[in-house]
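K.L.:
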Amino acid sequence: MTIEVIAVGGYEEIGKNMTAVKVNDDVVIFDMGIHLDRLHIYEDTDISRMHSLDLIERGVIPDDTLMREVDGKVRAVVCTHGHLDHIGAIAKLAHRYEAPIIATPYTMALIEKTIKSERKFKVNNPLKSLNPGEKIQISPNLTLEFVRTTHSIPQTITAALHTPEGVIIYANDFKFDNHQMVSPPPDYRRFRELGRKGVKVAIMDTTNIKEKRQGKTYSEKIARDLLKDVLKGPLEDTKHGLILTTFSSHIERIQAIVKIAERSKRKIMILGRSMERYCSIAESMGILNLPRNVSLYGNSKSINKALARANENRSKYMLVVTGHQGEPDALLPRIANNKTNYEIKRDDNIIFSASTIPNPINLANRNLLDRRLKERGARIYSDIHVSGHAGPEDLRDFIRMLQPQHLIPAHGDLSHLAAYVELAEEEGYKLGNDVHILRNGQAQVFNR
Numbered sequence: 003m004t005i006e007v008i009a010v011g012g013y014e015e016i017g018k019n020m021t022a023v024k025v026n027d028d029v030v031i032f033d034m035g036i037h038l039d040r041l042h043i044y045e046d047t048d049i050s051r052m053h054s055l056d057l058i059e060r061g062v063i064p065d066d067t068l069m070r071e072v073d074g075k076v077r078a079v080v081c082t083h084g085h086l087d088h089i090g091a092i093a094k095l096a097h098r099y100e101a102p103i104i105a106t107p108y109t110m111a112l113i114e115k116t117i118k119s120e121r122k123f124k125v126n127n128p129l130k131s132l133n134p135g136e137k138i139q140i141s142p143n144l145t146l147e148f149v150r151t152t153h154s155i156p157q158t159i160t161a162a163l164h165t166p167e168g169v170i171i172y173a174n175d176f177k178f179d180n181h182q183m184v185s186p187p188p189d190y191r192r193f194r195e196l197g198r199k200g201v202k203v204a205i206m207d208t209t210n211i212k213e214k215r216q217g218k219t220y221s222e223k224i225a226r227d228l229l230k231d232v233l234k235g236p237l238e239d240t241k242h243g244l245i246l247t248t249f250s251s252h253i254e255r256i257q258a259i260v261k262i263a264e265r266s267k268r269k270i271m272i273l274g275r276s277m278e279r280y281c282s283i284a285e286s287m288g289i290l291n292l293p294r295n296v297s298l299y300g301n302s303k304s305i306n307k308a309l310a311r312a313n314e315n316r317s318k319y320m321l322v323v324t325g326h327q328g329e330p331d332a333l334l335p336r337i338a339n340n341k342t343n344y345e346i347k348r349d350d351n352i353i354f355s356a357s358t359i360p361n362p363i364n365l366a367n368r369n370l371l372d373r374r375l376k377e378r379g380a381r382i383y384s385d386i387h388v389s390g391h392a393g394p395e396d397l398r399d400f401i402r403m404l405q406p407q408h409l410i411p412a413h414g415d416l417s418h419l420a421a422y423v424e425l426a427e428e429e430g431y432k433l434g435n436d437v438h439i440l441r442n443g444q445a446q447v448f449n450r
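Shown next, in the form of structure tokens:
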């Protein structure tokens, strides 16, 4: 029996994730994401109307044309969670494969939204929801298991593909967080059981491998404490405006924010198209609990009306908005540039419950946004945040739980992959022997 891991996307960049695993003649595809950095370069383009080949050429989605040379039958397209760098290319690529799309219920709801907005292709793949902790037989020789883990979006899973030659683990993305409000802790017991059963290959997220200042990624409990501390004064302020921005998909963080502000005198407005998409689905599924003093607005007309009301009674509202990276069309930059009904005034409080993703476009946009806010006299509280990705010591713990025969680092550029190899070698692995660096378009074959 031959196992082959094919790196389609996400092995030269953070984003654009897609990996194929071939076991004899059966193929399973994990994730189909977009490269958000590349998408921002073409910000005036409506990708819903673009052909996949054009998006491949621009580097926005994975180049899956190499799959034409893979001799086998695709049995499933498996999505680990609902972030766009993992599901954003589904509507462009999934229709090429006669296979079901498998994801957790929340992730599947987001996938359905993505498919519905597509204008170029028809995606008629069967959609199968699988809960964390459940298994599904996808071929006579392959069983897929979803193992519960944590990240910065609900219902993230680590995929375990059971084969006659051992288990293949696909862990993009994850962190080990024991103190989330929305999501239960990772299933450490099951990871150790899989390690004892025999893990043939583990493919792991390396996004935070270089965070030397933080061996283990801090829990969301730390973020909640930071938010409580920072929000105390602004929530009690009876004169000035209060705006908070965070990731729209970070339902755990949004739950914490509204919980902290629930007993204040301020009404909470959650504003933005992506905020409405992620939060409304989470609320309808019982994942997110929004108190009575919270309103959610997604379309531009209702947002403008809400901002006008908040502008007239600045001390009575707290705004939770999009735009933490300084994206020009997102709400906070538009507010800062006087393109809405809300005016930033001196001593208004602006809280960034997100870190700046360190690429040139984001850094430039965020710098411009900060300058605009400071020109208007706003008080800025930056980086009230903890990461959603595993730190170096989390990765070390995971290797020890799984005890895999082989390791493949993913979800990073060459510096991330190389840093992971250093950590793996500290654990007794050797580059080229049982830890392997792949680049997009390359494959690693494991024979019996």
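Sequential numbering from 3 applies to the sequence shown in the numbering used here.
Using N, Cα and C, we set each Cβ at its ideal position, and we do this for glycine too.
#1: Using three-state DSSP, classify I58 as helix, strand or coil.
#2: Quick one: is K326 buried, meaning 16 or more other Cβ sit within 10 Å of its Cβ, or exposed?
#3: Taking the straight line between their C-alpha atoms, what separation do you get for A304 and P293?
#4: Keeping to the same chain, check which residues put their C-beta closer than 7 Å to that of Q182; ignore five residues upstream and five downstream.
#5: So what's I92 in DSSP terms, helix, strand or just coil?
#6: Name, in chain order, the residues that DSSP records as bridge partners for Q446.
#7: Give, in chain order, every unbroken run of the alpha helix (DSSP H) that is at least 4 residues long and sits entirely within the region 191-259.
#8: Applying the criterion that 16 or more other CB atoms from any shown protein chain within 10 Å of the CB defines a buried residue, is S119 buried or exposed?
#9: Sort K341, S154, I386 and N339 by Cα distance to V232 and report the nearest one.
#10: Just the Cα atoms here: how many angstroms apart are T109 and R275?
#11: What residue ranges within the region 279-357 form continuous beta strand (DSSP E) runs of no fewer than 3 residues, ordered along the chain?
#12: When you compare only the Cα positions, how much space is there between I363 and F32?
#13: With distances taken Cα to Cα, identify the nearest neighbour of H408 among L397, L433 and H83.
#14: So, at 7 Å on beta carbons, what are the nonlocal neighbours of K75 in its own chain, with the 5 sequence-adjacent residues on each side left out?
#15: Checking the sheet assignment: what are the DSSP bridge partners for Y383?
#16: On the CB-based measure, 16 or more other CB atoms within 10 Å of its CB, does P406 come out buried or exposed?
#17: Can you say whether H418 is buried or exposed, counting buried as having 16 or more other CB atoms within 10 angstroms of its CB?
#18: Nearest to M277 by alpha carbon, out of I224, Y190, S251 and R121?
#19: According to DSSP, K177 sits in a beta bridge with which residue or residues?
#20: Going by alpha carbons, who is nearest to V23 out of V203, N291, L244 and K267?
#21: Go ahead and label K137 buried or exposed: buried means 16 or more other beta carbons lie within 10 angstroms of its beta carbon, across all protein chains shown.
#22: Buried or exposed for I283, going by 16 or more other Cβ atoms inside 10 Å?
#23: I'd like to check one pair, A9 with G443: are the Cβ atoms closer than 9 Å?
#24: Since I205 contacts Y172 with CB under 8 Å, what's their CB separation in whole angstroms?
#25: Would the region 376-386 and the region 192-200 be scored as touching if the rule is three or more Cβ pairs under 8 Å?
#26: Would DSSP call A101 helix, strand or coil?
#27: Exposed or buried, P335, counting other C-beta atoms within 10 Å across all chains shown (16 or more means buried)?
#28: Excluding five sequence neighbours on each side, which residues of the same chain lie with their C-beta closer than 7 Å to the C-beta of V72?
#29: Measuring alpha carbon to alpha carbon, tell me which of P360, R348 and L397 ends up nearest R374.
#30: I need the straight-line Cα distance from P330 to I353, nearest angstrom please.
#31: Quick one: what does DSSP say T106 is sitting in, helix, strand or coil?
P.N.:
Based on what the coordinates show:
#1: In this structure, I58 counts as helix in the three-state DSSP scheme.
#2: Checking the sequence, you will find His at residue 326 rather than Lys. H326 should be labelled buried.
#3: Residue identity differs from the one stated: residue 304 is Ser in this sequence, not Ala. Cα to Cα, S304 sits roughly 20 Å from P293.
#4: Counting only Cβ-Cβ distances below 7 Å, and skipping sequence neighbours, we find T152, E222 and E254.
#5: In the three-state reduction of the DSSP assignment, I92 falls in the helix class, which pools H, G and I.
#6: V7.
#7: Whole alpha helix (DSSP H) segments, 4+ residues: 222-238.
#8: Answer is exposed; the Cβ neighbour count stays below 16.
#9: Checking every option, the nearest Cα to that of V232 belongs to I386.
#10: Going from the Cα of T109 to the Cα of R275 covers about 18 Å.
#11: For the region 279-357, whole beta strand (DSSP E) runs of length 3 or above, ordered along the chain, are 296-299, 319-323 and 351-354.
#12: A direct Cα-Cα distance of roughly 28 Å separates I363 from F32.
#13: Ranking the options by Cα distance to H408, first place goes to L433.
#14: D27, D28 and V29.
#15: Partner(s): I353.
#16: Buried.
#17: So H418 counts as buried.
#18: Answer by Cα proximity: S251.
#19: Partner(s): T152.
#20: For the residues V203, N291, L244 and K267, the minimum Cα distance to V23 belongs to V203.
#21: Its Cβ having fewer than 16 others within 10 Å, K137 is exposed.
#22: Label assigned to I283: buried.
#23: Yes, they are a contact pair.
#24: Confirmed, about 5 Å.
#25: Too few Cβ pairs lie closer than 8 Å, so no.
#26: Look at A101 here: in three-state DSSP terms it is coil, with no helix or strand label.
#27: By the Cβ-count criterion, P335 is buried, with 16 or more other Cβ atoms from all chains shown falling within 10 Å of its own Cβ.
#28: If you ignore the 5 residues before and after V72, its C-beta comes within less than 7 Å of the C-beta of I8, A22, K24 and V29, all in its own chain and listed in chain order.
#29: Among P360, R348 and L397, the Cα nearest to that of R374 is on R348.
#30: About 18 Å.
#31: When secondary structure is reduced to three states using DSSP, T106 falls in the coil class, being assigned neither helix nor strand.
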